[in-house]
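In terms of our numbering, the sequence shown opens at residue 287 and continues consecutively.
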Amino acid sequence: MNPARIILCLLVLAFQGEVDAQTFSTRFHFGLFSYATSVFEVNTGYLVTGVAAQNNGGIHTEYFISHFDSNGVQTWSEMYGSIDSSYAASWDASVQLSNSNFIHASRFTSSSGISCAVLAFNDLGEFSHLDDFSSPYAFNEENPDDWIAPTCIRIDEYQNVFVGAIINTPENTFNNPAIFKWNEEQGVVWVYALEDDSYFPIFYSFEFNTIGPFFIVNNVYLDSPSNSLFVQLDFEGNLVTIEEVATYRVFDILSISNSEFVAAISLFDDPVTGMLPAIWKFNDQGKTIWTSQVIGVGYAWEQEANDVILCQDGGYLLSANYYDEWPQDPEDGPFNKDAMIAKFSSDGAFEWKRIFNIIEAANDKNRIYDLKATSDGGYIFCGEATGDHFNETQPTQQAWVVKVDEYGCLIPRCQVSVEEFSQENGMMKVAPNPTRDFINVFVSHDVDQAQLEVVDGFGRILDSTSLSHGGTTYLFDCSQYATGHYLVRLVSEHLGVLEVERVVVE
287 MNPARIILCL LVLAFQGEVD AQTFSTRFHF GLFSYATSVF EVNTGYLVTG
337 VAAQNNGGIH TEYFISHFDS NGVQTWSEMY GSIDSSYAAS WDASVQLSNS
387 NFIHASRFTS SSGISCAVLA FNDLGEFSHL DDFSSPYAFN EENPDDWIAP
437 TCIRIDEYQN VFVGAIINTP ENTFNNPAIF KWNEEQGVVW VYALEDDSYF
487 PIFYSFEFNT IGPFFIVNNV YLDSPSNSLF VQLDFEGNLV TIEEVATYRV
537 FDILSISNSE FVAAISLFDD PVTGMLPAIW KFNDQGKTIW TSQVIGVGYA
587 WEQEANDVIL CQDGGYLLSA NYYDEWPQDP EDGPFNKDAM IAKFSSDGAF
637 EWKRIFNIIE AANDKNRIYD LKATSDGGYI FCGEATGDHF NETQPTQQAW
687 VVKVDEYGCL IPRCQVSVEE FSQENGMMKV APNPTRDFIN VFVSHDVDQA
737 QLEVVDGFGR ILDSTSLSHG GTTYLFDCSQ YATGHYLVRL VSEHLGVLEV
787 ERVVVE
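This is the structure:
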């Protein structure tokens, strides 16, 4: 064979071996409203779980599971619940046991009161209600509501289930962190609750070290943040120690080893006017190794971190809620919240951030609940989008899921420099094109007093959104558009139309 042909074949094979990570975005809902709290990769694509409100003889909330193929097409959905009860989840409280089996902790409301339900489900959408248990504190006249809200779930090597939850206590406080050890044979084995009515802690996550489970809590009030508490238990649920550590609000803890951990945190500024997403590496006594914050983001009210995961290169990916602009007084709203992911190296150096405007509506909030790495080298995350209105036919709270590549790009090559992107695309790039469900628009630059517009063939503006921060991806729902050609315009209030891209809706 000709040597040149051999080289060409080798190059073709090498090129074919490099599989780009698939990207997609979608927004969906069931019933009155929906929000997505967990996402998992399975052999046939991805599972997204969450809560939906139904009105079939009475308003109640049900647990849902939806399957998406590798292209982001929703193939089936299953609901679990009944008119006589409600399931609810405010945080990601699900864990994957195997390629096809999962377990979830949900707040469960029935005629018996409020409890924590332990649910099992598989990748076919089959559910079972394994058990439910209540707060360990009895009802009394001063504290009539038995409150429990699961926030996280962990599994040890013996398949024991550990559920973190917020519960009430005899001191009539309702935000006290607790950890329950549970298994299918015994039910609740033990429970530990931090009882301190002078403290109003935030509690989202816990992890294990060689001693047992530990968690870190911080006073929820922003106007006077106290030192965080490092609470160490043994594996029998006994308190080992409580120590004050750095003043961070901890939202998720990632175990690197038995003695090192990385947490998704929010920093406080001084004087306190808001929070800033960051990651914190610490040892098994809660002592700081390093802290690294997202660059190019200021302090803002409710600008909370969410998840932190390990990347294939040994670095870390953080998810957070991002405010581009917000009022000095939160009551002065409306103010908008976007979803953000940020990449850090293994030693904590900040590398990049990506911002996603899932929906643009008055007082909109795009919140991330869960973030996972995928086998193709990319990432997938899910959450909820809320606003004063979407349109006349859609509810004001919807679930969403976004799949990006290894650089955090929904639109390919968003990772290049602003200058290089401008040479290739100008300031704006639209994908996919053609499309059926969503038009994704990436804008590389900061543009003052400008907006994006989707325009039909008659010049009518079908949808629009104001620009926020450069490097943001905006999502426009085109699922109800007629087949045809549309324009996406980048329009400056002072300079007029800056750029136009034609997009085909099939």
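Just so you know, even glycine gets a beta-carbon here, dropped at the ideal spot from N, CA and C.
Around the Cβ of ARG313, are there at least 16 other Cβ atoms within 10 angstroms (buried) or fewer (exposed)? buried
I need the DSSP call for TRP433, collapsed to helix, strand or coil. Taken through DSSP and simplified to helix, strand or coil, TRP433 comes out as coil.
Should ARG788 go down as buried or exposed, given a rule of 16 or more other Cβ atoms within 10 Å for buried? exposed
Can you confirm whether the segment 732–742 touches the segment 765–785 when touching is taken to mean that 3 or more C-beta pairs between the two stretches lie within less than 8 Å? yes
Would ASP555 and ASN592 be called neighbours here (beta carbons separated by less than 9 Å)? When the beta-carbon positions are compared, ASP555 and ASN592 stay at least 9 Å from each other.
Give me the Cα-Cα distance between ASP723 and TYR760, rounded to the nearest whole angstrom. C-alpha separation (whole angstroms): 14 Å.
If I measure Cβ to Cβ from SER750 and keep anything under 8 Å in the same chain, skipping five residues before and after, which residues do I get? Closer than 8 Å at the Cβ level, and outside the excluded window around SER750, lie GLU646, GLN737, LEU738, GLU739 and VAL740.
Going by the CB atoms, is the gap between GLN340 and MET365 shorter than 9 Å? yes
Count the C-beta pairs between the segment 654–673 and the segment 318–326 that are closer than 8 Å, then say yes if the count reaches three, no if not. With a cut-off of 8 Å, the segment 318–326 and the segment 654–673 count as touching, because enough Cβ pairs lie within range.
The beta strand (DSSP E) enclosing GLN701, as first and last residue numbers: Premise fails: GLN701 is in no beta strand (DSSP E) and is neither H nor E.
Specify whether the segment 369–378 and the segment 353–360 touch according to this definition: at least 3 beta carbon pairs, one from each stretch, less than 8 Å apart. no
So VAL474 is in the beta strand (DSSP E); what residue range does that whole segment cover? 473–479
So ASN469 is in the beta strand (DSSP E); what residue range does that whole segment cover? 462–469
Report yes if the CB atom of TRP433 is closer than 9 Å to the CB atom of ILE465, and no otherwise. no
In the DSSP assignment, find the unbroken beta strand (DSSP E) run with GLU779 in it and report its ends. Taken as a continuous stretch (DSSP letters only), GLU779 belongs to no beta strand (DSSP E), as it is neither H nor E.
Nearest by alpha-carbon distance to ILE747: which of PHE494, VAL774, ILE725 and PHE667 is it? VAL774
Assign GLU678 to one of two classes, buried (16 or more other C-beta atoms within 10 Å of its C-beta) or exposed (fewer than that). At GLU678, the pLDDT of 45 sits below 50, so the modelled position is not reliable; the number obtained from the coordinates is stated separately. Result: exposed.
CA-to-CA distance, LEU480 to ILE725, given in whole angstroms: 48 Å
ASN607: buried (16+ other C-beta within 10 angstroms of its C-beta) or exposed? buried
At a cut of 8 Å, does the segment 683–703 reach the segment 659–674 through at least three beta carbon pairs? yes
Could you tell me the distance, in whole angstroms, from the CA atom of ARG640 to the CA atom of GLY601? 16 Å
Within 10 angstroms of its Cβ, does ASP624 collect 16 or more other Cβ (buried), or is it exposed? Burial call: buried.
Give me the Cα-Cα distance between ILE345 and GLU529, rounded to the nearest whole angstrom. Answer to the nearest angstrom: the Cα atoms are 45 Å apart.
Pop quiz: VAL531 and ILE502 are said to be a contact at Cβ under 8 Å. What is the actual Cβ separation, rounded to whole angstroms? 7 Å
ILE389 versus VAL359, SER421, ALA435 and THR335, residue with shortest Cα-Cα distance: THR335
Mark ASN504 as exposed unless 16 or more other C-beta atoms lie within 10 angstroms of its C-beta, in which case mark it buried. buried
Terminal residues of the beta strand (DSSP E) in which ARG393 lies: 387–396
Report the partner residues of VAL526 according to the DSSP bridge assignment. VAL526 is not bridged to any residue.
I'd like to check one pair, PRO563 with GLN589: are the Cβ atoms closer than 9 Å? yes
With 16 other CB atoms within 10 Å as the buried threshold, where does PHE744 fall? By the 10 Å Cβ count, PHE744 comes out exposed.
Where does GLU348 land, buried or exposed, given buried means 16+ other C-beta within 10 angstroms? It is buried - the Cβ of GLU348 has at least 16 other Cβ atoms within 10 Å.
Could you please give the first and the last residue of the uninterrupted beta strand (DSSP E) stretch that includes ALA736? Note, ALA736: beta strand (DSSP E), 736–741.
Start and end residues, beta strand (DSSP E) containing ALA635: That residue, ALA635, is in no beta strand (DSSP E); it is neither H nor E in DSSP.
The beta strand (DSSP E) enclosing TRP377, as first and last residue numbers: Element bounds for TRP377: n/a, residue is neither H nor E.
Using a 10 Å radius around the Cβ and a threshold of 16 neighbouring Cβ atoms, would you call THR758 buried or exposed? THR758 is buried by the Cβ-count criterion.
What did DSSP end up calling VAL786 once you bin it into helix, strand or coil? strand
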